[in-house]
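Q:
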């Protein structure tokens, strides 16, 4: 019989004690695995969410983090807006002239390229207008460019795909300025599909509804980004909703060009009456990614923030320490479980001194009985560790649908974080450490007195 | 086969100042296959002598030689190896390991020797003690007599040269005692094993050609606690 077989028989013989000790260790391991998985999921969710396809967000002066949270995560409330003309500073001259012709405004706007347009050449500047809601979900007024230019995914190379329908159009022949695209969670939660209409509500989820209706023309596939939780409407339709227009002075009214774009009596807002909440920017080259924020921030008119930088700061300063503390607590749980192993085996030593003495009388060396006790610790560690890992992953697998719905992250039974590879060796090391005391007690067992006992 | 010369074993009791001599045996020897009943008063040092022969204790002075190996010169690990390969031990209380079945207890008797388990021999020994049909029973599922038979099979598993039996019939009923004793003696004879059997029973000593009164070979006059 091998020493391991002897240890296994001892483990089985004390079945209740062994099972309880193993269970406590399994619970500890399971807890650590769960926390590590949650840690991994949160980290991945943040990274995915920060991989929004733009390297800058430009908004009104204020907190960079708040700007990122409201424009990328659709979480906090936007405080102020930017003039649409400021947004046009990111556009080249032909685009500015085209916008001017379609919507009307100061005739000089189309004469020149925007101040920052050279930095955007090869990239994009997508306007966002936030403020209303569809149910609990944020309404995002934007342009078709949002669905054409923005990418997502770990490598920020995946375009938006549609589970149903298509992207909204600036001026649709069928629905004019009132087309909408829903994120996957919004469509599911609101029970909407292509062809349905909805009316946004003001300011907050419990606010008063607008009269205008938007036609759902597309539903996005899940992306694992905050865009799953957004209802996108045509920026022009957004502007046409009640109280979404800035007042225009008589002087501006007198001098501006008239708009040309119309649809069944709907006249888009002229440029002076427009505002944007923020602008998603991808610079033409990474070099501009470093210099453009300085140029924007120096002007004091607006603020540029890098989403990934802000999210990393949030992770490093708030979320990370909290998760680390949680991980620390669960590791302590593991240590407590290992102490349980020590207590269980040590307590059993009193009953086993005669057994050990008999084995010694049969020729077992001190080292041998020590190894048998350590092997028992090892068995508890391996069985407890594997059971804990399996239970935790079964739980994760059971919750995979919920996780995917809420984070867009697909988890499988054996989705593992790198840290998990260290758990079993760590638990084995802890258990062996815990087994060392009873093992040394076995080592010192006096044969003569215990055989005579 | 077994030669003891000038063997002295002293103990210092807790709180005691003077070491107490338990055994002082100028000479004792046995030849291979010889069988001796060892008798003596309780606390006279019989079990201590068995522990010394088994290498579980070291003498204070003197020599114990078995198969021309000087036991007292071996390291602890050497004595463990020696015990595993040369000594069989039958206890008064059997001392079967409760976590193991009868056949596993027998196999344990060869586990700590050269590491090779001879399953055929284990089965054969269990058959010899008449417990083949109880091979997979645990000790608590066996009668007292059956447990002692398993203990005997275990003690012989490693093909010992000396079998030390410490009152093996004391805890079994008279009928079982007789068969247990017969089993030990026959097996030792068959395998040419020297047998030292401690007993208090006249019925047992009557069956031995050689009966050794410990007091006759032990010059130490002291008597300690029982089974010291």
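Chains as they are written, first to last, in the working numbering: chain A, 1 to 453; chain B, 1001 to 1228.
From the three backbone atoms N, C-alpha and C, an ideal C-beta is built for every residue, glycine too.
Please read all numbers here as calculations on a predicted model, not as lab measurements.
1. Determine which residues of the segment 366 to 397 of chain A have a Cβ less than 9 Å from any Cβ of chain B, and write them out in chain order.
2. Mind checking which residues open and close the beta strand (DSSP E) that includes residue 215 of chain A?
3. Report yes or no: is there a C-beta of chain A within less than 8 Å of the C-beta of residue 1223 of chain B?
4. State buried or exposed for residue 1032 of chain B, treating a residue as buried only when at least 16 other CB atoms are found within 10 Å of its CB.
5. Go to residue 1229 of chain B, then tell me how far its beta strand (DSSP E) extends in each direction, as first and last residue.
6. Give the straight-line distance between the Cα atoms of residue 445 of chain A and residue 431 of chain A, rounded to the nearest whole angstrom.
7. Starting from residue 125 of chain A, trace the beta strand (DSSP E) both ways and give me its first and last residue.
8. If we call anything under 8 Å between Cβ atoms a contact, is residue 28 of chain A one with residue 417 of chain A?
9. Note down, in chain order, all residues in the segment 1109 to 1125 of chain B with a beta-carbon under 7 Å from any beta-carbon belonging to chain A.
10. Residues of chain A with a CB under 7 Å from the CB of residue 965 of chain B: which are they?
11. Between which two residues does the alpha helix (DSSP H) holding residue 242 of chain A run?
12. Any C-beta of chain B sitting closer than 8 Å to the C-beta of residue 355 of chain A?
13. Name the two residues that bound the continuous beta strand (DSSP E) containing residue 425 of chain A.
14. DSSP beta-bridge partners for residue 1031 of chain B?
15. Nearest CA to the CA of residue 1002 of chain B: which residue from B:1184, B:1163, B:1178, B:1187?
16. Using the beta-carbon of each residue, which ones in chain A are nearer than 9 Å to residue 1020 of chain B?
17. How about residue 231 of chain A and residue 191 of chain A: are their beta carbons less than 8 Å apart?
18. What first and last residue would you give for the beta strand (DSSP E) that runs through residue 139 of chain A?
19. What would DSSP say about residue 1009 of chain B, mapped onto helix, strand or coil?
20. Can you list, in chain order, the residues of its chain with a C-beta nearer than 6 Å to that of residue 1147 of chain B? Leave out the 5 residues immediately preceding and following it.
21. Which same chain residues, not among the five before or five after residue 284 of chain A, have their C-beta less than 7 Å away from its C-beta?
22. For residue 349 of chain A, which residues in chain B fall below 8 Å Cβ to Cβ?
23. So, does the CB of residue 9 of chain A fall closer than 8 Å to a CB anywhere in chain B?
24. Quick one: list the residues of chain B neighbouring residue 1 of chain A, beta-carbon separation under 7 Å, in chain order.
25. Please compile the residues from chain B whose C-beta is within a distance smaller than 9 Å of the C-beta of residue 442 of chain A.
26. Which chain B residues sit within Cβ distance under 8 Å of residue 419 of chain A?
27. Given this structure, state the Cα-to-Cα distance separating residue 1054 of chain B from residue 1047 of chain B, to the nearest angstrom.
28. Per DSSP, residue 179 of chain A is paired with what?
29. For residue 435 of chain A, would you say it is in contact with chain B, using Cβ-to-Cβ distances shorter than 8 Å as the test?
30. Report back the beta-carbon spacing between residue 236 of chain A and residue 193 of chain A to the nearest angstrom; my notes put them in contact at under 8 Å.
31. What residues match up with residue 1213 of chain B in a beta bridge as DSSP calls it?
32. Quick one: which chain A residues come within Cβ less than 7 Å of residue 1100 of chain B?
33. When you compare the CB of residue 362 of chain A with every CB in chain B, is at least one pair closer than 8 Å?
34. If you check the beta carbons only, do residue 141 of chain A and residue 150 of chain A fall under 8 Å apart?
35. For residue 1036 of chain B versus residue 1149 of chain B, is the C-beta distance shorter than 8 Å?
36. Going along the chain, which residues of its own chain have a beta-carbon closer than 7 Å to the beta-carbon of residue 374 of chain A, five neighbours each way excluded?
A: Once the coordinates are examined:
1. 366, 367, 368
2. 214 to 220
3. Low confidence applies to residue 1223 of chain B: its pLDDT is 47, below 50, so where it sits in the model is not reliable, and the reading given next is rough at best. Judged by the 8 Å Cβ criterion, residue 1223 of chain B is not in contact with chain A.
4. exposed
5. Because chain B in this structure spans residues 1001 to 1228, residue 1229 of chain B falls outside the shown range and cannot be described.
6. 21 Å
7. 124 to 134
8. no
9. 1109, 1111, 1112, 1113, 1117
10. Missing from the structure shown is residue 965 of chain B; chain B here goes from 1001 to 1228 and no further.
11. Counting along the chain, residue 242 of chain A falls outside any alpha helix (DSSP H), and DSSP gives it neither H nor E.
12. yes
13. Here residue 425 of chain A belongs to no beta strand (DSSP E); instead the alpha helix (DSSP H) covers 423 to 444.
14. Answer is none; residue 1031 of chain B lacks a bridge partner.
15. B:1163
16. Ordered by position in chain A, no residue passes the 9 Å Cβ test against residue 1020 of chain B, which lies about 15 Å from the chain.
17. no
18. 137 to 142
19. strand
20. 1094, 1096, 1139
21. 119, 120, 121, 122, 123
22. Correct list: empty, because the minimum Cβ distance to chain B is about 14 Å.
23. yes
24. 1104, 1107, 1108, 1111, 1117
25. Neighbours of residue 442 of chain A on chain B: none; closest Cβ ~14 Å, over 9 Å.
26. Chain B residues near residue 419 of chain A: none, gap ~37 Å exceeds 8 Å.
27. 10 Å
28. A:215
29. no
30. With a Cβ gap of about 23 Å, residue 236 of chain A and residue 193 of chain A do not count as contacting.
31. B:1039
32. 9
33. yes
34. no
35. no
36. 432, 435, 439
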